[in-house]
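Chains as they are written, first to last, in this note's numbering: chain A, 6 to 376; chain B, 6 to 376. Notes follow once the structure below has been shown.
Number of protein chains: 2
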Amino acid sequence: MTLDLSRPLPELLQAIVDIESVSGNEAELADAVESALRAQPHLQVARIDNNVVARTQLGREQRVVVAGHLDTVPVAGNLPSQRAVIDGQERIVGRGTCDMKGGVAVALQLAAELDAPRHDLTWVFYENEEVAAPLNGLGIVADAQPDLLQGDFAILMEPTSALVEGGCQGTLRFWITTRGTAAHSARGWMGHNAIHDLREVLERIAGFERREIDVEGLTYREGLNAVQVEGGVAGNVIPDSCRVHINYRFAPDKSLAEAQALMTDLFEGHELDWVDLSPAARPGLHLPAAKEFLAAVGGEPGPKYGWTDVARFSELGVPAVNFGPADPNKAHTDDEFCPVEDLETCAAALRRWLAPLPAAQPAPSTTQEEQ
Amino acid sequence: MTLDLSRPLPELLQAIVDIESVSGNEAELADAVESALRAQPHLQVARIDNNVVARTQLGREQRVVVAGHLDTVPVAGNLPSQRAVIDGQERIVGRGTCDMKGGVAVALQLAAELDAPRHDLTWVFYENEEVAAPLNGLGIVADAQPDLLQGDFAILMEPTSALVEGGCQGTLRFWITTRGTAAHSARGWMGHNAIHDLREVLERIAGFERREIDVEGLTYREGLNAVQVEGGVAGNVIPDSCRVHINYRFAPDKSLAEAQALMTDLFEGHELDWVDLSPAARPGLHLPAAKEFLAAVGGEPGPKYGWTDVARFSELGVPAVNFGPADPNKAHTDDEFCPVEDLETCAAALRRWLAPLPAAQPAPSTTQEEQ
């Protein structure tokens, strides 16, 4: 399979989407990406597992990293992709079109096209973003060759409807188990019903104030949800155990430890069995590199509600924002799609920012900025 | 394996318990029971699947049915049986000792011993009482040869601590499903959380008044319990579905339809997906056969909280009570046991009632009763 990166973006996106790449099955797509990028003489290409990193080496003062994951959640009868006009909007429909092969298509096309960009560029295409954190390709590259990910600024091309979304909310997940005493349900008073104790846990969830929190001018909306529940063994036994899986999404005004303490207080008297501890990332839109990007892209930046790999860049010391085609609310849905217009909007914005300046106009320098 | 029915009851019980007979695996024990009963010249023996029915044919005016199931719930490291003195009480400990091989041991010994009883006797040993109703051996015999179960009065030898327990509570089981709208849990407000809706269902359960209800002089204590709960698909998805399995145990003052209506009202606005509809049985202790039995056994009769096969006899038109060794609260527990004393108490009571009268004393007749 050869990817022609010069094709119109909607066609390129369909070609990428139709190479199924559910997490763990990215090899074929990674091969196609690697092969297409190796054909570009201006790029140095590295491959680690199913992660492909391609870099310009032009000696520019700054380096920008643009990253996108190759994997998708499981297919739900929504492949191969389709191109259709729905609600008056031209769309590419199918698994991965929104999350996040639209961004991958834009990045691949620009990787081939921008052979003399204003900043040096690092293009990262990685595996296993949709599954357990230890498998995440960005983490694997960071562990194996951290220098490959270094830069002054990073763009993660997760879906944002072609708007800049700064930072990301943190996410905590934990189980709470209620304990009772088993008994035959004909003599329920001999036991203690653990499922009935769930009511009190659900009441605390209901009573928790979901705040809207301003961080560096962006408003983050928090969430607290019971996402799974299970309890009981049989129709005639008073259940002696019931457990509920709880997810807290918190704004980047809190550290991981502060968010954990908040939950520990809320569920005082219960033991919290932690299964996910992912810190939030502050937007960082006040940083010079971010400002330059915002000026080129235009529009008002917003907050990122979901946890994304910008938090990983944050930990590597690289300021990062989310910016990509498609509505993030369609991620993981069976009817996910990418508006064709978003593809063009994102590509045009990145071109404006990264293309070489016209000869008549001097490039902005740090000195000019400081005046 | 040969069962010697003349052995002391504790030894006979251990021999029966040590033939493992978890529901579906009753063949070996049924073979042993059949073989031991066929060796008794005063009994006519029939076998249907793993159900054994043995009858005297003495032409008596009345016939009494004595029944016990051969199966147990799954073994929990509690076989083979042990004989021990615990808390100053001599006990046989192990799976099935309480529910209900103690009763089976008493019935088998008396079946062999009472070769000229006051009433004709039908001894029933059956399979699959602990599992789904359609498999129940008593139901299988009732369908195949209903005449085998006919009689004027029946004793079901379920554990009652050697007291007479009249009737049985009914039991309803149903699922209630709450429906929501899935969304990514980072944007929970885009969806509707079905697990959070469970709170309101649990509140109705908590608010339901568990009454104590007098029926024919016996006090039944009702129960309403959530026995199983399940919901949610993943840690990052707002659950669109959650279901809870509810068990209502009701007194025999209500018909099945009345009990169903009560639950339908309580959970108004929800659909009830019924999975068990078992009617209660009224105690019937005012009936002549029951009175005769009570007089011979002595002691105060009580209510039966659990659903038992007395309700099946009730449907066949045969008044029935529960009467057997061991504490019903130990049924299905990993430490179930049968007190040795209970075995002797039950056997002695049945002997007093069923043994031929001494020649000098005339048997009570219906005429005398009416005086």
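Built from N, CA and C at the ideal position, the CB exists for glycine as well.
From the options, residue whose alpha carbon lies closest to that of residue i
i, options, result
"B:N327", "B:E341, B:L359, B:A286, B:F342", "B:A286"
"A:G39", "A:T7, A:S283, A:S11, A:L63", "The sequence given here has Glu at residue 39 of chain A, not Gly. Among A:T7, A:S283, A:S11, A:L63, the Cα nearest to that of A:E39 belongs to A:T7."
"A:A301", "A:L168, A:V58, A:A336", "A:L168"
"B:G228", "A:L17, A:R184, A:A188, A:A211", "A:A188"
"B:N83", "B:D23, B:V57, B:A138", "B:D23"
"B:F272", "B:L321, B:E208, B:D76, B:K335", "B:E208"
"B:A149", "B:F158, B:R52, B:Q265, B:E320", "B:R52"
"B:G361", "B:L126, B:E135, B:G193", "Looking at the sequence itself, residue 361 of chain B is Pro, so the reference to Gly does not match. That would be B:L126, whose Cα lies nearest to the Cα of B:P361."
"A:P13", "A:L290, A:R178, A:L113, A:R65", "A:L113"
"A:L420", "A:V109, A:G240, A:Q265, A:R65", "Chain A is shown from 6 up to 376; residue 420 of chain A falls before or after that span and cannot be answered."
"A:G311", "A:W358, A:T183, A:A231, A:L177", "A:L177"
"A:L2", "A:S283, A:K106, A:G304, A:S246", "Chain A is shown from 6 up to 376; residue 2 of chain A falls before or after that span and cannot be answered."
"A:E134", "A:Q233, A:P15, A:E31", "A:E31"
"A:A316", "A:G175, A:T186, A:A294, A:K335", "A:G175"
"B:A294", "B:G304, B:H47, B:H124, B:P15", "B:H124"
"A:R43", "A:V58, A:T102, A:G29", "A:V58"
"B:R60", "B:L119, B:S28, B:G29, B:R96", "B:L119"
"B:H337", "B:E66, B:V71, B:G101", "B:G101"
"A:A137", "B:F179, B:N241, B:E217, B:M268", "B:N241"
"B:I91", "B:T269, B:A352, B:C351, B:F342", "B:F342"
"A:L299", "A:W194, A:C351, A:L282, A:Y253", "A:C351"
"B:E305", "B:S166, B:R65, B:I160", "B:S166"
DSSP beta-bridge partners of residue i
i, result
"A:I251", "A:F179, A:A231"
"B:P308", "B:G171"
"A:L161", "A:A72, A:N327"
"A:G107", "According to DSSP, A:G107 bridges with nothing at all."
"B:G236", "A:V234, B:C247"
Same chain, Cβ closer than 6 Å to residue i, five either side skipped, listed in chain order
i, result
"B:Q45", "A117"
"B:H275", "I181"
"B:A81", "D339"
"B:P288", "G171, G172, E221, L223"
"B:L292", "P324"
"A:G99", "V22, N83, L84, S86"
"A:P385", "With chain A covering 6 to 376 only, the question about residue 385 of chain A has no answer from this structure."
"B:L143", "Y131, D314, R317"
"A:P122", "L359"
Where residue i sits in the DSSP three-state scheme
i, result
"A:N198", "coil"
"A:W128", "strand"
"B:R356", "helix"
"A:D97", "Here the sequence assigns Ile to residue 97 of chain A, which means Asp is not the residue at that position. The answer is strand: DSSP assigns A:I97 an E or B state."
"B:N327", "strand"
"B:V136", "coil"
"B:A121", "coil"
"B:P333", "helix"
"A:T269", "helix"
"B:L34", "helix"
"B:A72", "strand"
"A:F318", "helix"
"B:A59", "strand"
"B:Q19", "helix"
"A:R209", "helix"
"A:L277", "strand"
"B:S283", "strand"
"A:I145", "helix"
"B:D219", "strand"
The ligand FMN heavy atom lying under 7 Å from the CB of residue i
i, result
"B:G73", "As far as ligands go, the structure on display features none, and thus does not contain the ligand FMN."
Neighbourhood of residue i by C-beta distance below 7 Å, restricted to the same chain and skipping five residues each side
i, result
"B:G73", "M105, G108, V109, A112, F130, M162"
"A:P244", "G185, N198, A199, I200, G236, G237, V238"
"B:D76", "S26, V27, S28, E31, E132, N133, E134, E135"
"A:A256", "Q174, I218, V220, Y225, E227, A285"
"B:D281", "T176, L177, R178"
Same chain, Cβ closer than 8 Å to residue i, neighbours up to 5 away in sequence not counted
i, result
"B:V146", "I53, N56, V58, V129, Y131, L153, L154"
"B:R357", "A301, V302"
"A:L321", "A147, P151, L154, Q155"
"A:Q233", "V249, H250"
What are the residues of the stretch 229–258 of chain A that lie near chain B, defined by any Cβ-Cβ distance shorter than 9 Å? L229, N230, A231, V232, Q233, V234, E235, G236, G237, V238, A239, G240, N241, V242, I243, P244, C247, V249, H250, N252, R254
Name, going along the chain, the residues of the stretch 194–207 of chain A whose beta-carbon falls closer than 8 Å to a beta-carbon of chain B. W194, M195, N198, I200, H201, L203, R204, L207
Output, in sequence order along the chain, the residues in the stretch 288–322 of chain B whose CB is closer than 8 Å to any CB in chain A. Y310, G311, W312
Taking a cut of 9 Å between CB atoms, which residues from the stretch 165–194 of chain B lie near chain A? C173, Q174, T176, R178, A187, A188, H189, S190, A191, R192, G193, W194
So if I threshold CB-CB distances at 7 Å, which residues from the stretch 326–337 of chain A count as touching chain B? N334, A336, H337
Using a Cβ-Cβ cutoff of 9 Å, what residues of the stretch 208–225 of chain B are near chain A? List them in chain order. E208, I210, A211, R215
Select from the stretch 263–283 of chain A all residues with a C-beta closer than 9 Å to any C-beta belonging to chain B, and list them in chain order. V280, D281
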